[in-house]
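A.B. asks: Here it is, the structure, as structure tokens.
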Amino acid sequence: MVDGEGGDASTETDGGTVTGAARNHRDTNYLEREVNLLNPSTPFMRDHLRVVWTGFVAWALVVFGPVTLTFVAPGPMTARMPVLGFPLHYFLVAIGAPGGALVLSFWYARKRDRLDEKYGIEHGRGPGTAAGDGSAVAADGGADE
Amino acid sequence: MTAGAFLQSGLLPEGLNVSFKLAPAVLVVAMLALFLGIGYAFRVADTEEMWVAGRSIGNVENGMAIGANWMSAASYLGMAALIALSGFYGLAFVVGWSAGYFILLIFLAAQMRRFGKYTAPDFVGDRFNSDAARAIAAVTTFLIGFVYAIGQARGMGLVGLYIFGDVGIPGLSGYQSMVVLMMAITVGYLTLSGMMGATKNMAVQYVILIVAFLVGLYAVGLSQGYSTALPQIEYGAMIGSLSSEFSEPFVNESYYLWIATAFSLVVGTCGLPHVLVRFYTVENERTARWSTVWGLFFICLLYLSAPAFAAFGTDLYSRNIGAVYGDPGMTSAAGDVIVVLATQLAELPEWFVGLVAAGGIAAAIATVSGLFIAGSSAISHDIYANIVNEDASQRRQVLVGRASIVALGVVTTLAALDPAAPIAALVSYAFSLAGAVLFPMFFLGLWWENTNRQGALAGMTTGLIVWTVPMINEVLPTYVGSGEPYSATLAAAVPAIGSALIAVPVVFAVTIGVSLVTDEPDMETKRLVRQCHSPEPMTRMQSAEDVAATDGGEPGDD
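Protein chains in written order, with full-length UniProt numbering: chain A, 1 to 145; chain B, 1 to 558.
The following block contains the structure:
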């Protein structure tokens, strides 16, 4: 899992809070690792794609599953639901699919934030501006999060 | 498509009260004045601000802008129309237009933000190092803006009839006069304000349109005894009492067409230039992600309500006007205003119906703004400044941009005088185009570094062809022929409305195949792609190009 490229143990100078993943992240030069959807080349990409593909499969099932089931088995799928009164297929498509996509989006954004945490990455103006390039002209800041 | 064939220029929604009404007219004028006022307050002159609002927009505000930019007359009017007219098939639009955002989120949003270019053609041009690729993308962007806006113009024309009646421009029908009037207003507004104004407006426009839609839905539901607290769920119980056409699956259209339509709308969502430009306006990639989630939430508020509105409208129509299905049934013109018609038939006060109608106009203007800005920047920035005249001054670029907005307005108006199909169908043609041509370039360009220039050119050309053939087969005849497709077999196999289902796999195969047999892209390009995926944060004004060109990604650099 952890590949040792340039990552020797002597870099442990900054306190014990840094996890293995974060250290690995610091030792990775992302500009030298191939980008290929089917063949992730960094631990971060591997972790990220695991989330992406899990989400994608769940999404495909939620969005195209009910319609396909309705096509295959119209009888049971068009039955009236108790209490709500919807025909089952109508409910799953009209409410289940958009609602499911929304829930999955929230799930993904949370997962992705956790990945950042795991790899010790912080967004926002502070750490991100370390490069300190002179182009940061718009210091007025818009409405923020 | 549904009942597209017999539409004539004298489109008249039966049952709709067409006359000049003071209170609604005042409401619309006040709303437009508000937009212009905000646009004026945030007026801009330099290009950086005009195109991406200085990259200063945050999560919720950008989410609302995504929502307003996204929800056009096709969502506000057209979706309920298709659900009412085509029953279960109409839900393919609800699903395709919402679920696509998830794909956008997991595969494209943050990476696009990191790439950090102004426009979709910029992305294609820089990623594939090719002015030809940039030009194809720019032409596609322009074409999308045009096709998409025809649907908006139709929506504004029909809804405007309720508010202003027949304004009677000589030689034109009431509907046509209204299209001309509304498009003139939209273009006038747009030339006055750049994107900063437009983005600020978008949050306002979102609030206006969602309030108008939901208040309308609740009022109809309460006054008619259909629903109380949650019409979005309660309409389920009345489905049984509506005609079976409303909910029975695959009676109007086949399973294949359902899937093709939904798929096209999903990939179209991920390929639409005016949607992607919203990710350039945020501060960082995390904001790009979360504002997508917010955007989808704001969109779902309306999308979960539209079927309820359609159910109420269908019931009111059949009780007050006549049978919705069968012959003659409800026309597509009446369908396209079903949201307004329902409030009118529920005998709510005139100003209130006017409010719901005004929401539809707000939706159309917001989206046309986004489309025309994307389209005009394609012309002024990508074709004019990058290819035609490389020394163009900013002032000249802005001038060319404004001229192309006017040009877009004129061609759109002309095409909308005698539109080929209902609003939602017109808009879906633009989605098929975006899905067929731009989506594969974005996706492969970002996720496979070996995609090269030759692959992109071959792929985009293929996409354009696969989109154009069914358009000529099905849509051209409605303007110049009998209205029937030239080849019924082709129309069934590759429907214009869902042609991306065929186009996307073909374009992927062509792009990958050609990329494999030609030279790999150079190291600089590969570093650019890698920088888009690096988890390393970037500063607000940085683009992937800046970082990839230096050694910004070296270990220990932070």
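We put the beta carbon where it would ideally sit given N, CA and C, even for glycine.
Going by DSSP, what residues sit across from tryptophan 448 of chain B in a beta bridge?
C.D. replies: Position 448 of the second sequence, counting from 1, holds the residue named residue 448 of chain B. The partner list for tryptophan 448 of chain B (beta bridge, DSSP) reads A/Asn36.
A.B. asks: Closer than 8 Å is the cut-off here; do at least three beta carbon pairs connect the stretch 98-114 of chain B with the stretch 523-542 of chain B?
C.D. replies: Taking 8 Å as the limit for Cβ pairs, the verdict is that the stretch 523-542 of chain B does touch the stretch 98-114 of chain B.
A.B. asks: Cα separation between alanine 306 of chain B and serine 72 of chain B?
C.D. replies: Counted from its first residue, the second sequence places residue 306 of chain B at position 306. Counted from its first residue, the second sequence places residue 72 of chain B at position 72. Their Cα atoms are separated by approximately 13 Å.
A.B. asks: Closer than 7 Å by beta-carbon distance: list the chain B residues that pair up with alanine 97 of chain A, in chain order.
C.D. replies: Numbered from 1 along the first sequence, position 97 holds the residue referred to as residue 97 of chain A. Within chain B, the residues near alanine 97 of chain A are Val95, Ala99.
A.B. asks: What three-state label does DSSP hand valine 52 of chain A in the structure shown?
C.D. replies: Residue 52 of chain A sits at position 52 when you count from the first residue of the first sequence. Reduced to three states, the DSSP call for valine 52 of chain A is helix.
A.B. asks: Would you mind sorting methionine 50 of chain B into buried or exposed? The rule is 16 or more other CB atoms within 10 Å of its CB.
C.D. replies: Start at 1 with the first residue of the second sequence, and residue 50 of chain B comes out as number 50. Because the pLDDT at methionine 50 of chain B is just 48, under 50, the model does not fix this residue reliably, and the point stays unresolved.
A.B. asks: When DSSP labels each residue in this structure, what does methionine 196 of chain B get in the three-state scheme?
C.D. replies: One-based indexing of the second sequence puts residue 196 of chain B at position 196. At methionine 196 of chain B the pLDDT is 47, less than 50, meaning the model places this residue with poor confidence and gives no usable figure here.
A.B. asks: Would you call tryptophan 70 of chain B buried or exposed, if buried means 16 or more other Cβ atoms sit within 10 Å of its Cβ?
C.D. replies: The residue you call residue 70 of chain B lines up with position 70 of the second sequence. Buried is the call here.
A.B. asks: Provide the residue(s) that pair with arginine 80 of chain A in DSSP beta bridges, ordered along the chain.
C.D. replies: The residue labelled residue 80 of chain A in the question sits at position 80 within the first sequence. Looking at the DSSP assignment, arginine 80 of chain A forms a beta bridge with A/Pro87.
A.B. asks: Got a sec, what are the start and stop residues for the alpha helix (DSSP H) glutamate 14 of chain B sits in?
C.D. replies: For the purposes of this step, residue 14 of chain B is taken as residue 14 along the second sequence, with counting starting at 1. No alpha helix (DSSP H) holds glutamate 14 of chain B; DSSP gives it neither H nor E.
A.B. asks: Taking only beta-carbon atoms, is tryptophan 351 of chain B less than 7 Å away from chain A?
C.D. replies: Position 351 of the second sequence holds residue 351 of chain B. Judged by the 7 Å Cβ criterion, tryptophan 351 of chain B is not in contact with chain A.
A.B. asks: Looking at the structure shown, is valine 60 of chain B part of a helix, part of a strand, or coil, going by DSSP?
C.D. replies: In the second sequence, residue 60 of chain B corresponds to position 60, counting from 1. Note: valine 60 of chain B maps to helix in three-state DSSP.
A.B. asks: My output table needs one value for valine 282 of chain B: the three-state DSSP class, helix, strand or coil.
C.D. replies: Locating residue 282 of chain B in the second sequence gives position 282, counting from the first residue. Three-state result, valine 282 of chain B: strand.
A.B. asks: Would you report the Cα separation of valine 504 of chain B and valine 266 of chain B, rounded to the nearest angstrom?
C.D. replies: Residue 504 of chain B sits at position 504 when you count from the first residue of the second sequence. Residue 266 of chain B sits at position 266 when you count from the first residue of the second sequence. Each residue's Cα considered, the two are about 11 Å apart.
A.B. asks: May I have the straight-line CA-CA distance separating valine 466 of chain B from phenylalanine 246 of chain B, to the nearest angstrom?
C.D. replies: As a first step, residue 466 of chain B must be located in the second sequence, where it is residue number 466. As a first step, residue 246 of chain B must be located in the second sequence, where it is residue number 246. So the two alpha carbons sit approximately 32 Å from each other.
A.B. asks: How do the stretch 96-109 of chain A and the stretch 52-64 of chain A stand: do at least 3 beta-carbon pairs fall below 8 Å, yes or no?
C.D. replies: The stretch 96-109 of chain A is in contact with the stretch 52-64 of chain A.
A.B. asks: Does the beta-carbon of leucine 257 of chain B have 16 or more other beta-carbons within 10 angstroms, so that it is buried, or is it exposed?
C.D. replies: Here residue 257 of chain B refers to the residue found at position 257 when the second sequence is read from its first residue. So leucine 257 of chain B counts as buried.
A.B. asks: For threonine 343 of chain B, which of B/Ala403, B/Ala120, B/Leu316 has the nearest alpha-carbon?
C.D. replies: Indexing the second sequence from 1 puts residue 343 of chain B at position 343. With distances taken between Cα atoms, threonine 343 of chain B lies closest to B/Leu316.
A.B. asks: How many angstroms separate the CA atom of lysine 118 of chain A from the CA atom of alanine 22 of chain A?
C.D. replies: For the purposes of this step, residue 118 of chain A is identified with residue 118 of the first sequence, where counting begins at 1. For the purposes of this step, residue 22 of chain A is identified with residue 22 of the first sequence, where counting begins at 1. Computed Cα separation, rounded: 6 Å.
A.B. asks: Quick one: does the C-beta of glutamine 454 of chain B sit closer than 6 Å to a heavy atom of the ligand SAH?
C.D. replies: Absence of the ligand SAH is noted for the structure shown, with no ligands found whatsoever.
A.B. asks: From the beta carbon of residue 151 of chain A, is the nearest beta carbon of chain B less than 7 Å away?
C.D. replies: In the structure displayed, chain A extends from 1 to 145; residue 151 of chain A sits before or after that span and is not available.
A.B. asks: What are the boundary residues of the alpha helix (DSSP H) that aspartate 113 of chain A is part of?
C.D. replies: Start at 1 with the first residue of the first sequence, and residue 113 of chain A comes out as number 113. 97-118 is the span of the alpha helix (DSSP H), which, as asked, contains aspartate 113 of chain A.
A.B. asks: What residues in the stretch 293-315 of chain B bring their beta carbon closer than 7 Å to a beta carbon of chain A?
C.D. replies: Within the stretch 293-315 of chain B, the qualifying residues are Val293, Leu296, Phe297, Cys300, Tyr303, Leu304, Pro307.
A.B. asks: Tell me the DSSP secondary structure of threonine 489 of chain B in three-state form.
C.D. replies: As a working mapping, residue 489 of chain B is identified with position 489 in the second sequence. Reduced to three states, the DSSP call for threonine 489 of chain B is helix.
A.B. asks: Which ranges does the beta strand (DSSP E) cover as unbroken runs of at least 3 residues, wholly within the stretch 117-147 of chain B, from first to last along the chain?
C.D. replies: Taking only runs of at least 3 residues, no beta strand (DSSP E) segment lies wholly in the stretch 117-147 of chain B.
A.B. asks: Between which two residues does the alpha helix (DSSP H) holding threonine 468 of chain B run?
C.D. replies: Numbered from 1 along the second sequence, position 468 holds the residue referred to as residue 468 of chain B. Where threonine 468 of chain B is concerned, the enclosing alpha helix (DSSP H) stretches over 453-470.
A.B. asks: Along chain B, in chain order, which residues have C-beta atoms closer than 7 Å to that of proline 87 of chain A?
C.D. replies: Here residue 87 of chain A refers to the residue found at position 87 when the first sequence is read from its first residue. Neighbours of proline 87 of chain A on chain B, chain order: Ile239, Ser247.
A.B. asks: For phenylalanine 431 of chain B, is the classification buried or exposed, using 16 other Cβ atoms within 10 angstroms of its Cβ as the cut-off for buried?
C.D. replies: Start at 1 with the first residue of the second sequence, and residue 431 of chain B comes out as number 431. When all chains shown are included, phenylalanine 431 of chain B counts as buried.
A.B. asks: Using the beta-carbon of each residue, which ones in chain B are nearer than 7 Å to leucine 104 of chain A?
C.D. replies: By 1-based counting over the first sequence, the position of residue 104 of chain A is 104. Phe102, listed in chain order.
A.B. asks: Any beta carbon from chain A within less than 7 Å of isoleucine 106 of chain B's own beta carbon?
C.D. replies: Here residue 106 of chain B refers to the residue found at position 106 when the second sequence is read from its first residue. Closer than 7 Å: yes.
A.B. asks: Give me the Cα-Cα distance between methionine 238 of chain B and isoleucine 83 of chain B, rounded to the nearest whole angstrom.
C.D. replies: By one-based count along the second sequence, residue 238 of chain B stands at place 238. By one-based count along the second sequence, residue 83 of chain B stands at place 83. Those two C-alpha atoms are separated by around 15 Å.
A.B. asks: Short check: CB of threonine 462 of chain B to CB of serine 515 of chain B, under 7 Å?
C.D. replies: What you label residue 462 of chain B is simply residue 462 of the second sequence in a count that begins at 1. What you label residue 515 of chain B is simply residue 515 of the second sequence in a count that begins at 1. Contact: no.
A.B. asks: If you pair each beta-carbon of the stretch 153-160 of chain B with each one of the stretch 329-343 of chain B, do three or more pairs fall below 8 Å?
C.D. replies: Result yes; three or more Cβ-Cβ pairs closer than 8 Å.
A.B. asks: For a test of the three-state rule: what should DSSP assign to serine 482 of chain B, helix, strand or coil?
C.D. replies: In the second sequence, residue 482 of chain B corresponds to position 482, counting from 1. The answer is coil: DSSP assigns serine 482 of chain B none of H, G, I, E or B.
A.B. asks: Between which two residues does the alpha helix (DSSP H) carrying methionine 523 of chain B extend?
C.D. replies: The sequence position of residue 523 of chain B within the second sequence is 523, counting from 1. Taken as a continuous stretch (DSSP letters only), the alpha helix (DSSP H) holding methionine 523 of chain B covers 523-533.
A.B. asks: Just to confirm, are residue 614 of chain B and threonine 119 of chain B a CB contact at a threshold of 7 Å?
C.D. replies: One cannot answer for residue 614 of chain B here, as it falls past the ends of chain B, which runs 1 to 558.
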